[in-house]
Amino acid sequence: MNAAEPLTNVDWLAGKEIVALGSAGFLTIQHLLDHLPRRYEDRRRFDAFPAQATGKPMCLRGVVIDSAKKRFGGRKQMYEVVVESENATAFSDGTIICRWFNMPYISNMLIVGHEIVFFGKPKDVAGKLVIDHPDFEIIKDAGDDSVHVERIVPVYRNVSGIVQRRLREIIYRLVREVDAESLVPLYEVDESYPRADAYREVHFPTEMEQADAARRYFALEEFFKLQLNVAWRKKRYEEQLGRVLGKKTQLLKDFYENLPFDLTNAQKRSVKEIVNDMREAKPMHRLLQGDVGSGKTFVAMCAALLAIESGAQVALMAPTQILAEQHYLTFRKWLDPLDVRVSLRTASRREDGGMELAGGAQLVIGTHALLYENDDFTDLGLVIIDEQHKFGVEQRSRLIRQGMMPDVLVMTATPIPRTLTLTIYGDLEVSVLDERPAGRGKIVTGLRPKAKVTDVTKFLKQQLDEGRQAYLVYPLVEESESLKVGAATVEHEKWRDRLKGYEVGLLHGKLSPEEKELVMRDFRDGKIDVLVSTTVVEVGVDVPNANLMVIYHAERFGLSQLHQLRGRIGRGEHKSYCILITDGKSEDAMEKLGVMAETDDGFKIAEADLRLRGPGDVLGTQQSGLADLRFPEFLADTELVREARRLADSLLTQDPDLSDHADLREVIVEQMERSS
Numbered sequence: 001m002n003a004a005e006p007l008t009n010v011d012w013l014a015g016k017e018i019v020a021l022g023s024a025g026f027l028t029i030q031h032l033l034d035h036l037p038r039r040y041e042d043r044r045r046f047d048a049f050p051a052q053a054t055g056k057p058m059c060l061r062g063v064v065i066d067s068a069k070k071r072f073g074g075r076k077q078m079y080e081v082v083v084e085s086e087n088a089t090a091f092s093d094g095t096i097i098c099r100w101f102n103m104p105y106i107s108n109m110l111i112v113g114h115e116i117v118f119f120g121k122p123k124d125v126a127g128k129l130v131i132d133h134p135d136f137e138i139i140k141d142a143g144d145d146s147v148h149v150e151r152i153v154p155v156y157r158n159v160s161g162i163v164q165r166r167l168r169e170i171i172y173r174l175v176r177e178v179d180a181e182s183l184v185p186l187y188e189v190d191e192s193y194p195r196a197d198a199y200r201e202v203h204f205p206t207e208m209e210q211a212d213a214a215r216r217y218f219a220l221e222e223f224f225k226l227q228l229n230v231a232w233r234k235k236r237y238e239e240q241l242g243r244v245l246g247k248k249t250q251l252l253k254d255f256y257e258n259l260p261f262d263l264t265n266a267q268k269r270s271v272k273e274i275v276n277d278m279r280e281a282k283p284m285h286r287l288l289q290g291d292v293g294s295g296k297t298f299v300a301m302c303a304a305l306l307a308i309e310s311g312a313q314v315a316l317m318a319p320t321q322i323l324a325e326q327h328y329l330t331f332r333k334w335l336d337p338l339d340v341r342v343s344l345r346t347a348s349r350r351e352d353g354g355m356e357l358a359g360g361a362q363l364v365i366g367t368h369a370l371l372y373e374n375d376d377f378t379d380l381g382l383v384i385i386d387e388q389h390k391f392g393v394e395q396r397s398r399l400i401r402q403g404m405m406p407d408v409l410v411m412t413a414t415p416i417p418r419t420l421t422l423t424i425y426g427d428l429e430v431s432v433l434d435e436r437p438a439g440r441g442k443i444v445t446g447l448r449p450k451a452k453v454t455d456v457t458k459f460l461k462q463q464l465d466e467g468r469q470a471y472l473v474y475p476l477v478e479e480s481e482s483l484k485v486g487a488a489t490v491e492h493e494k495w496r497d498r499l500k501g502y503e504v505g506l507l508h509g510k511l512s513p514e515e516k517e518l519v520m521r522d523f524r525d526g527k528i529d530v531l532v533s534t535t536v537v538e539v540g541v542d543v544p545n546a547n548l549m550v551i552y553h554a555e556r557f558g559l560s561q562l563h564q565l566r567g568r569i570g571r572g573e574h575k576s577y578c579i580l581i582t583d584g585k586s587e588d589a590m591e592k593l594g595v596m597a598e599t600d601d602g603f604k605i606a607e608a609d610l611r612l613r614g615p616g617d618v619l620g621t622q623q624s625g626l627a628d629l630r631f632p633e634f635l636a637d638t639e640l641v642r643e644a645r646r647l648a649d650s651l652l653t654q655d656p657d658l659s660d661h662a663d664l665r666e667v668i669v670e671q672m673e674r675s676s
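1 is the number of the first residue of the sequence shown in UniProt numbering; add one for each residue after it.
Quick look at the structure:
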C-alpha cells in the first residue's frame, strides 16, 4: 500500500468513513498518517480518583453508575453522569461527576453501565468533585482492545463522523500496512532514523520516550523547511542592488555633540553595525531588538541622520497614533536644532515641522497612513518600522515598495527568544540592545494575590503625595456578563471616588484618536495624576514622572505583555513599583507571575513566555507566520532550531538554486509567494 494512494483505494474503509475523512481534508494515506496525536494517555495504569480538586488534568477509568438530564437558566440543558472507580479508598468515595452543557447528544452516547476512560481537570463544586466537558471513550470488550487499553494510547483531534476509537483503529492499521519505502521525505534530515519507524512510534509508542523522539524528528523536518525558506529569502534579498548611504557623518557628529548624555556601548555597537550595512551596495535588512527602555529611538535617529545627509528621505511607521505622535515630538526635540525637516502623517493628523526651510520633509513619521500617502516620498532611502510585529507582512512590504530598494530597519521592544529570532527573522541581520541607559530608576515588582483595595489605595496616595503619577491597568474596556473581570470604564468611576482631590483619567481603545491624544497629553503634562487604562498604554507611552503601575487580573496577560506594560514606568530617576494583582487560584498563573516578580530581564521573560504559552501567543500567530506550525512547542529547543538552520545552509551551499531538489524548490517558492 503506497502512502500516496487515495483513501478510496483502501478497500476495508467504509464509504461513509471515506466521505467523512475527505470532508476533513484527508484524501490520501499520507494525509491521515500526518494526522499526529494531540496527546497520549498511558492506559497501562490510570490515575487514582482524587479526594480533592487538582490543578492538573487526570486520566481516569471507571463505570457510569448514574445519569440525569437537567435544565438551568431557562431553556439551557446539562447532561450529568456519576462515574465510580473500581478501586474506591477510605480517603475518597471513589466517584466523580462529569457534565456537559448544551450537548444533548452526549445522553445518547453515554449511559449507566458503560465503562469509560475520561480525561479532564477535577474541580470542587459545592463540595463535590466535577469535571466539565471531559474527553471520554467507552471501553468495549472486543478482541482488538490492545489498541485502546493496556498501552500508551494516542488521542487525536476529532474528525466529524468518525469516533475517536474508530479513528485510532484506522490509523493503527494504515501504519502497519503502508509500504515503508513510500514514506519518502522531500529531504532526509536524519538518516539514522528510518521515517517508517518515526511514523510507527509517533502514533503507537511503547514508551513515551519513543513518542518524544518521533515528534522531534518530524519537528526537525518542519523546521528545516522553515529555515530553508528563511535562508533562501535572505540569499535572494542579498542579490539585489541597493544604494550606498551613510558616507557623510557630519549630522551624526553634530547630533552626538548635542546629546547631554553618552550612548550606551550597546547603542554605539548597533549604530556601527547600521553604518556598515548602509555603506554596502546591497540593501540593509536589519532587526534592532531591545528591551523596554534600552534606547532604540536614539539608534533610529542615528540611522535616519545618515540617510538624510546622503540626500535620501526616511519613513518611520509606528503601530498607533499615540506612538507616532510621541515619536514626532521626540524626533523634533532632538533634530530641529539640526535643521532636519520632520513631518507627521496619521489618519487624523498631518503636521509639518521645520517647513519654513526649503524643500519637503526629510523624515516622515506616521501610522498605517504612510502606506497611502505617496505624495510625501520622492526619494525614500530608509524605512524604519517600529514595533514591527504589530504589522502584517503585506503592510511592511507596501511601505518598502514606496522606495527603490531602500534600506530597512525594523525595531521591536518585545524581547524575542533566540530560537524565534532565528526562525522568524532569520533573513535579517540582528542588533541587540542589552544595556539600559544610565539614570533610570529601579523597578520593584510585587505579586499580590487578593490584594485589599484599601491597601492599594493607601500606597497609591503615598506616591501621589510625593508628586508622582500612576497607571491602573485593567484587561477589559467595559463589563462582561461572562467574565468576572474588572473593566476600565467601571473602575474609573470607583477610583474617582476613592481618590478625591486627585485627577483620575481614563484611556482605552474605544476612544477616538483625538480623545486618546488629549488624555495622554494631559497625563504627560501632569494634569492627570492617575490613569485608569487598558493595554493601550502597552506600547510607547513615555511619562518619566509615572513611577507606579497596578495591573489588575494580571493572570489574564502574557508575560511579554506584562513586561511591556511594566516598561511604561521606571523611565525617570525615581524608584518605581509594579504591583501584579491576581486571584491566586491558578498554580500555572502564579508560576507565570512569579517570573515577573523575580526578574526584569526581558529576554529571560521572553524565554519563559515561550515555554509557558508557545510562540503563537507570544508574537501573534498571524503576524509571526507561525499559524500553521504543527510543532510549536519545539521552538523553545535551541539545539533543534540550530540544527534545522545548519541543514538548510548546508543544502543551499551544495545546491544554491535547488535545481537538484525540484520538489523542495517548488514548496519553498510556494511558501514565499504565500507570504509576500
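Beta carbons are placed, not taken as given, at the ideal position from N, Cα and C, and that holds for glycine.
**Report entry** Endpoints, alpha helix (DSSP H) assigned at residue 212
**Finding:** 208-238
Query raised in the report: Using the rule of at least 16 other Cβ atoms within 10 Å of the residue's Cβ for burial, across every protein chain shown, is residue 332 buried or exposed?
Result: buried
Requested in this report: Rounded to whole angstroms, what's the CA-CA distance from residue 444 to residue 593? Just pull it up for me.
Outcome: 14 Å
Report task. Please report how far the alpha carbon of residue 241 lies from the alpha carbon of residue 406, in whole angstroms. Result -> 10 Å
**Report entry** Where residue 6 sits in the DSSP three-state scheme
**Finding:** strand
Query raised in the report: Anyone know if the C-beta pair for residue 237 and residue 427 falls short of 9 Å?
Result: yes
Requested in this report: Keeping to the same chain, check which residues put their C-beta closer than 6 Å to that of residue 295; ignore five residues upstream and five downstream.
Outcome: 267, 437
Query raised in the report: Nearest-angstrom Cα distance between residue 671 and residue 220?
Result: 18 Å
Requested in this report: In the DSSP assignment, find the unbroken beta strand (DSSP E) run with residue 445 in it and report its ends.
Outcome: 443-449
Query raised in the report: Assuming residue 399 contacts residue 370 under a Cβ cut-off of 8 Å, what Cβ separation, rounded to an integer in Å, is found between them?
Result: 6 Å
Query raised in the report: Between the Cα of residue 537 and the Cα atoms of 212, 322, 314, which residue gives the shortest distance?
Result: 322
Requested in this report: May I have the straight-line CA-CA distance separating residue 660 from residue 647, to the nearest angstrom?
Outcome: 16 Å
Query raised in the report: Taking the DSSP output, what are the residues bridged to residue 505?
Result: 531
Query raised in the report: Helix, strand or coil for residue 313 per DSSP?
Result: strand
**Report entry** Span of the alpha helix (DSSP H), counted from its first residue to its last, around residue 365
**Finding:** Counting along the chain, residue 365 falls outside any alpha helix (DSSP H), though it belongs to the beta strand (DSSP E) covering 363-366.
Query raised in the report: So, residue 1 versus residue 179, is the Cβ gap smaller than 9 Å?
Result: yes
Report task. Could you tell me which of 33, 49, 53 sits nearest to residue 587, measuring between CA atoms? Result -> 53
Report task. List the residues that DSSP assigns as beta-bridge partners of residue 100. Result -> 79
Query raised in the report: Which whole-angstrom value describes the C-beta separation of residue 408 and residue 383, a residue pair presumed to lie in contact below a C-beta threshold of 8 Å?
Result: 5 Å
Report task. Output the boundary residues of the beta strand (DSSP E) element that contains residue 154. Result -> 152-155
Query raised in the report: DSSP state of residue 652, grouped into three classes?
Result: helix
Query raised in the report: Would you call residue 574 buried or exposed, if buried means 16 or more other Cβ atoms sit within 10 Å of its Cβ?
Result: buried
Report task. Examine the ligand HEM and report whether any of its heavy atoms sits within less than 8 Å of the Cβ of residue 377. Result -> Questions concerning the ligand HEM fall outside what the structure shown contains, since it holds no ligand whatsoever.
**Report entry** Where residue 128 falls: helix, strand or coil (DSSP)
**Finding:** strand
Report task. Report all residues from its chain with a CB closer than 7 Å to the CB of residue 154; omit the five preceding and five following residues, and keep chain order. Result -> 37, 40, 168, 203, 204
Query raised in the report: Which residues does DSSP pair with residue 350 in a beta bridge?
Result: 345
Query raised in the report: Mapping DSSP to helix, strand and coil, what is residue 456?
Result: helix
Query raised in the report: Does the stretch 496-505 come close enough to the stretch 599-612 to have 3 or more Cβ pairs within less than 8 Å?
Result: no
Requested in this report: Within the UniProt domain "Helicase C-terminal" (455-611), note down every full beta strand (DSSP E) run reaching 3 residues or more, in order along the chain.
Outcome: 469-473, 504-507, 530-533, 546-552, 576-582
Query - Neighbour-count burial assignment, residue 158, 16 or more Cβ in a 10 Å radius - result: exposed
Report task. Write down the C-beta distance between residue 582 and residue 546 rounded to the nearest angstrom, noting that I regard them as a contact closer than 8 Å. Result -> With 8 Å as the limit, residue 582 and residue 546 do not qualify as a contact, their Cβ atoms being about 22 Å apart.
Query raised in the report: Cβ atoms of residue 186 and residue 655: under 9 Å apart, would you say?
Result: no
Query raised in the report: Between residue 307 and the rest of its own chain, which residues show a CB-CB distance below 6 Å, the 5 nearest in sequence each way excluded?
Result: 245, 314, 381, 382
Query raised in the report: For the beta strand (DSSP E) that contains residue 119, what are its first and last residues?
Result: 115-120
Query - Identity of the residue in 423, 108, 137 nearest residue 637 by Cα - result: 423
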